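Beneath this line is the structure, given in structure tokens, with notes to follow.
Numbering (my numbering), first residue to last: 1 to 251.
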């Protein structure tokens with residue numbers, strides 16, 4: 001039976017320890033010292049195990065978690081840079097109450113964690129109402145189909161496995177894409193399909209907003225220069241509304 005690497009390493013370390021004790025005895029002929037030293041080492045062994053298992057292992061797990069979080073947010077950032085922010089900006093134009101969101105996110109560059117948590121709570125409870133009659137569904141379908149392969153490639157990334165909310169967002173992007181693709185003409189769709197598309201777009205819109213806020217909150221601590229850029233290019237603040245509110249603040 002072949003030994004595993006761990007078993008071979010354990011045997012090698014035990015043999016090495018015995019060899020050093022034997023060498024010590026032949027050089028100094030002091031068996032009492034070896035016995036006292038061995039007993040002292042055995043006494044320290046539980047403390048050593050405690051330090052390794054509880055302290056060092058905890059630090060390693062924490063570092064590994066931070067590395068996974070960093071990799072995940074690189075993927076999320078890539079999504080919003082290539083697809084998410086453009087989609088958010090497009091859908092927000094048809095949000096009948098976008099001013100409410102814009103008001104909450106007007107000064108996102110000055111947010112602390114409590115502000116982000118407050119806004120996220122409001123976004124989860126908020127009822128979304130997209131004016132689908134004004135949306136050019138042909139234009140939206142073309143945009144989503146052009147980015148379908150990109151969304152699929154992100155699903156293959158192992159970094160997103162533990163992030164259920166972002167995975168759900170990608171699935172909804174692909175679902176809406178396929179839903180729009182299967183309809184040849186939007187002028188002749190029945191009322192049920194029409195309402196299904198509206199509901200799915202509103203769900204996608206809600207997921208997009210929440211994930212973008214969560215991503216920006218992460219950037220505030222880890223990558224402040226990117227956070228500043230995201231705040232300046234906030235896709236949820238209509239430019240006209242933004243300028244108007246800024247002028248009122250300055251006055």
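We put the CB at the ideal spot given by N, CA and C, even for glycine.
Since the structure is predicted, the reported quantities are computational estimates derived from the model, not experimental observations.
{"Asked": "Helix, strand or coil at residue 254 [DSSP, three-state]", "Found": "Nothing about residue 254 can be reported from this structure: the residues present for the chain run from 1 to 251 only."}
{"Asked": "DSSP state of residue 245 mapped onto helix, strand, coil", "Found": "Unreliable positioning characterises residue 245 in this predicted model, as indicated by a pLDDT of 48, which lies under 50. A coordinate reading is not provided."}
{"Asked": "Spatial neighbours of residue 205 in its chain, beta-carbon cut-off 8 angstroms, leaving aside the 5 residues before and after", "Found": "88, 91, 92, 95, 128, 130"}
{"Asked": "The stretch 225 to 237 / the stretch 98 to 118 touching (three or more Cβ pairs under 8 angstroms)", "Found": "yes"}
{"Asked": "Distance between residue 100 and residue 169 (C-alpha atoms, nearest Å)", "Found": "23 angstroms"}
{"Asked": "Start-end ranges of the alpha helix (DSSP H) lying completely within the stretch 124 to 202, minimum 4 residues", "Found": "137 to 146, 148 to 155, 164 to 181"}
{"Asked": "Limits of the alpha helix (DSSP H) - the one that residue 227 falls within", "Found": "224 to 232"}
{"Asked": "Proximity below 8 angstroms, CB of residue 157 to CB of residue 203", "Found": "no"}
{"Asked": "Expected contact under 8 angstroms - CB spacing of residue 210 and residue 123 to nearest Å", "Found": "6 angstroms"}
{"Asked": "Beta-ladder partner(s) of residue 95, from DSSP", "Found": "130"}
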